[in-house]
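Numbering (our numbering), first residue to last: 5 to 144.
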């Protein structure tokens, strides 16, 4: 599909029509993983790629080159800030939108996250309408 096609259709339509759409979600909480998996799979019929820490995220993003990454800020092994900084320095991953996900998003923290390269920040608990809105904004 051409990029102009994406610009004319809302993400809900694109997801239903294009099963190859790739989403990586870096999240270490099993309850959050299950909730997100259900939202995407049951509602949109797609399986996001889940990773449980920043290091796993780097590996899978470099391999899969997804359309968008939802990155938990606080994770074991490597946090979302360090992983984002690394992705934004790499030629093949620097243009992939990274959306920070956190339970605590004060304005000064949001600005800090954006300075390290995150395009936007969503707060937990994640709501599907905010995920779709964010994807519509950054996916193209």
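Glycine included, every Cβ here is placed at the ideal spot set by N, Cα and C.
- For residue 49, there is no enclosing beta strand (DSSP E), as DSSP marks it with neither H nor E.
- Secondary structure of residue 120 (DSSP, three-state): coil.
- Annotation: residue 100 is outside any alpha helix (DSSP H) and is labelled neither H nor E by DSSP.
- According to DSSP, residue pairing for residue 30 in a beta bridge involves 55 and 75.
- Within the model, the alpha-carbon separation for residue 132 versus residue 138 is close to 10 Å.
- When secondary structure is reduced to three states using DSSP, residue 65 falls in the helix class.
- Secondary structure note for residue 87: its alpha helix (DSSP H) is the uninterrupted segment 84-93.
- Boundaries cannot be given for residue 143, as no alpha helix (DSSP H) includes it and DSSP labels it neither H nor E.
- Between the region 90-100 and the region 36-53, the count of C-beta pairs closer than 8 Å stays below three; the two stretches do not touch.
- Closest option to residue 121, judged by alpha-carbon separation, among 85, 141, 65 and 136: 85.
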